[in-house]
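First residue of the sequence shown? That's 1 in UniProt numbering, and the numbers climb one at a time after it.
Here a beta-carbon is modelled for each residue, glycine too, at the ideal position from N, C-alpha and C.
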Amino acid sequence: MAGFERFQSSLPINLILGGLGAGKSSLLQNLLSQKPADHNWGILINEFGNVDIDSKILTNTAKTFIKTIPAGCICCSAVENFSAALDSILQMPLDRIFIEPSGISDPAILVNLLERLANQHNLHIDNIIYIIDATSDIDSDQSLIAKHARQTADVVVINKSDLTNRQHLKQLKQCFSDSYPAKQAIITTTYSQIDLALLYRQSKPVIHKFTGLKRLSSPHLSTIDSTPFDSELDTIGSEIIITEQFYAIGWIFNKNILFDWKPLERLFDDFKQRPEIIRAKGLFCTGKLSMLFQYSNGHHSRENSAYQQDSRLEIIFNNSQHFSAQYPPNATLILLEEHLKKSII
1 MAGFERFQSS
11 LPINLILGGL
21 GAGKSSLLQN
31 LLSQKPADHN
41 WGILINEFGN
51 VDIDSKILTN
61 TAKTFIKTIP
71 AGCICCSAVE
81 NFSAALDSIL
91 QMPLDRIFIE
101 PSGISDPAIL
111 VNLLERLANQ
121 HNLHIDNIIY
131 IIDATSDIDS
141 DQSLIAKHAR
151 QTADVVVINK
161 SDLTNRQHLK
171 QLKQCFSDSY
181 PAKQAIITTT
191 YSQIDLALLY
201 RQSKPVIHKF
211 TGLKRLSSPH
221 LSTIDSTPFD
231 SELDTIGSEI
241 IITEQFYAIG
251 WIFNKNILFD
261 WKPLERLFDD
271 FKQRPEIIRA
281 KGLFCTGKLS
291 MLFQYSNGHH
301 SRENSAYQQD
311 SRLEIIFNNS
321 QHFSAQYPPN
331 ATLILLEEHL
341 KKSII
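1) What are the start and end residues of each continuous beta strand (DSSP E) run of 3 or more residues lying completely inside the region 91-131, in chain order?
2) What first and last residue would you give for the alpha helix (DSSP H) that runs through E232?
3) Find the nearest neighbour of L27 within the set D133, Q120, A85, H121, judged by alpha-carbon distance.
4) Grab the span of the alpha helix (DSSP H) containing N81 for me, first residue to last.
5) Less than 9 Å between the beta carbons of D54 and E100, yes or no?
6) Roughly how far, in whole angstroms, is the beta-carbon of L17 from the beta-carbon of I128, given that I think they are within contact range, below 8 Å?
7) Apart from the five residues just before and just after N46, which ones in its own chain have a Cβ nearer than 6 Å to its Cβ?
8) Where are the alpha helix (DSSP H) runs, 4 residues long or more, that stay fully inside the region 284-322, in chain order?
9) So N40 and P93 are in contact, right, with Cβ under 8 Å, and what is the actual spacing, rounded?
10) Are there three or more Cβ pairs, one per stretch, closer than 8 Å when the region 264-275 is compared with the region 242-251?
11) Tell me whether the beta-carbon of G23 lies closer than 9 Å to the beta-carbon of N159.
12) Could you work out which residue in N318, C285, L113 is closest to R302 when comparing CA atoms only?
13) Helix, strand or coil for P228, going by three-state DSSP, please let me know.
14) Between the Cα of A182 and the Cα atoms of Q193, A153, Y191, L196, which residue gives the shortest distance?
15) Closer than 8 Å by C-beta to K209: which residues in its own chain qualify, once you throw out the five before and the five after it? Chain order, please.
16) Measuring only the C-alpha atoms, how far is E276 from Q167?
17) Give the single residue among V157, Y200, D234 whose Cα lies nearest to the Cα of D95.
18) Any contact between the region 294-308 and the region 327-339? By contact I mean 3 or more CB pairs, one from each, below 8 Å.
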């Protein structure tokens, strides 16, 4: 029993897993709205690219400390930056830490890394939350990352349940009900809404470590080319990040540049005609308010945002054409900049 008491006195960490566009940042936003007023929370957000959008979306809640780990994956290429960010945020008086990896991080490697760090910092892994898009086809996603996420999760959140039918939701829930280890909870929801109680483990902690897992000799994002480019638009910064499997194009604009939301709406709607686009997320100054646009799995959304320090957009593509720093996706870049130019007032 003494060992369990030590576990209870250590600092809990919740991992928020999920694919690109599943709703991880919205889930964090909803949890922040339920945070007890006297609690201090730390949040580490891993962005695949250098354009930090997720931390800008989160409400500026009191007693909340947010750090971003950009340009890479915290389970391999950005692991040193992750360790440094964790050391930094642990200097704060915290009651709980949330970690939102990029949607292409391998949960198995990340959990093993956290298990090692937990011994150094008096931490423990509390419930691991796995959020998925209800419109996704779980049978077709047999990637190692998806399998590890399903195996590691304690709580499964089937998000965007309003975008599919009851039969598909039933099949998704059954799939997770049959998985091992057993899940603490499997819920369906919309807009990433869950109850705060799902963060807390209901029983003695389960060892999450994947025993026998060998780190791949070539991690999935071990080679990253980060290349600034000369944008035709009036930007603060613009960059292309390329790996073997993915590439991302990002822009940051001065806050004085205003956008017309209607052409942006058409642009994000047109993404469904581009199967190589995995996820797009943008914050745009449109006047008195900013707007957050998001796209994934053939669906896009738009909502108001209080963030007005600048405008920023990042689009992540499947690198099926094997672009590299020497051969960047110039045709795609030109087309996107033409659309963005039409959106600027």
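Well, looking at it:
1) 96-100, 123-125
2) As a first step, residue 232 must be located in the sequence shown, where it is residue number 232. E232 -> no alpha helix (DSSP H), and no H or E assigned at all.
3) Position 27 of the sequence shown, counting from 1, holds the residue named residue 27. Checked all of D133, Q120, A85, H121; the closest Cα to L27 is D133.
4) Counted from its first residue, the sequence shown places residue 81 at position 81. Its alpha helix (DSSP H) spans residues 79-89.
5) Locating residue 54 in the sequence shown gives position 54, where the first residue counts as 1. Locating residue 100 in the sequence shown gives position 100, where the first residue counts as 1. In contact: D54 and E100 (Cβ atoms closer than 9 Å).
6) For the purposes of this step, residue 17 is identified with residue 17 of the sequence shown, where counting begins at 1. For the purposes of this step, residue 128 is identified with residue 128 of the sequence shown, where counting begins at 1. I128 and L17 do touch by the CB rule: their CB atoms are close to 6 Å apart, below 8 Å.
7) By 1-based counting over the sequence shown, the position of residue 46 is 46. Correct list, in chain order: I69, I74, P101, S102.
8) Scanning the region 284-322 from its first residue to its last, no whole alpha helix (DSSP H) run of 4-plus residues comes out.
9) Taking the sequence shown and counting its residues from 1, the one referred to as residue 40 is at position 40. Taking the sequence shown and counting its residues from 1, the one referred to as residue 93 is at position 93. In this structure, N40 and P93 form a Cβ contact; the two beta carbons are roughly 6 Å apart against a cut-off of 8 Å.
10) no
11) Your numbering for residue 23 matches position 23 in the sequence shown. Your numbering for residue 159 matches position 159 in the sequence shown. For G23 and N159, yes; Cβs fall inside 9 Å.
12) Taking the first residue of the sequence shown as 1, we reach residue 302 at position 302. Nearest of N318, C285, L113 to R302, Cα basis: C285.
13) The residue labelled residue 228 in the question sits at position 228 within the sequence shown. Strand.
14) Position 182 of the sequence shown holds residue 182. It is A153 whose Cα lies nearest to the Cα of A182.
15) Counting from 1 along the sequence shown, the entry for residue 209 is found at position 209. Low confidence applies here, because K209 scores a pLDDT of 42, under 50, leaving its location unreliable and the question unanswered by this model.
16) Counting from 1 along the sequence shown, the entry for residue 276 is found at position 276. Counting from 1 along the sequence shown, the entry for residue 167 is found at position 167. Distance between the alpha carbons of E276 and Q167: 28 Å.
17) Numbered from 1 along the sequence shown, position 95 holds the residue referred to as residue 95. Nearest C-alpha to D95: Y200.
18) With contact defined as three or more Cβ pairs closer than 8 Å, the region 294-308 and the region 327-339 are not in contact.
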